Amino acid sequence: MASKKTSKGTGASDTAQKLLRSYKQCPDCLARMPLNAKICPDCGLKVGPVQADGKAKKPVDWKGYLISAILFGILFYFVKWAFFE
C-alpha cells in the first residue's frame, strides 16, 4: 500500500495563494479593490499594501500622532507653570 504524503503548512502553498490573489480588502468596510488601489472606492479610506490575510494595511496617521504630541507638550508645560511655579 502506497502512503500518500500531504504537506500541510508549507511555505509553497502560502506563496501560491499570495500569487493568485488579485484583490485586497479594505480594513474598514471590507470592500474588494484592486491590488494597486491607494484609496478604498467605497469608504474613501487610504489603504496600504496587502497583508497575508488579504486585507489592506492601514497607513500610519503621522499627522495625528504629531498633533497629539504637540498638544500633550503644551498641556505638560501649562500644568508645570500653573502648579509648580
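With this note's numbering applied, the sequence shown corresponds to residues 4 to 88, in that order.
Built from N, CA and C at the ideal position, the CB exists for glycine as well.
In this text the structure is predicted, and so the values were computed from the model without any measurement.
- Ala55 counts as exposed, since fewer than 16 other beta carbons sit within 10 angstroms of its beta carbon.
- Fewer than three beta-carbon pairs drawn from the stretch 39 to 49 and the stretch 68 to 85 are found closer than 8 Å, and the two stretches are therefore not classed as touching.
- In this structure, Pro30 lies near Lys61, with their beta-carbon atoms less than 8 Å apart.
- Nearest to Val63 by C-alpha distance, out of Ala72, Gly51 and Ser71, is Gly51.
- In the three-state DSSP reduction, Lys58 falls in the strand class (E or B).
- Under the three-state reduction of DSSP output, Lys66 falls in the helix class.
- Bridge pairing for Ile42: Lys49 [DSSP].
- Leaving aside the five residues that flank Arg24 on each side, the residues in its chain whose CB is nearer than 8 Å to its CB run, in chain order, Leu38, Val53 and Gly57.
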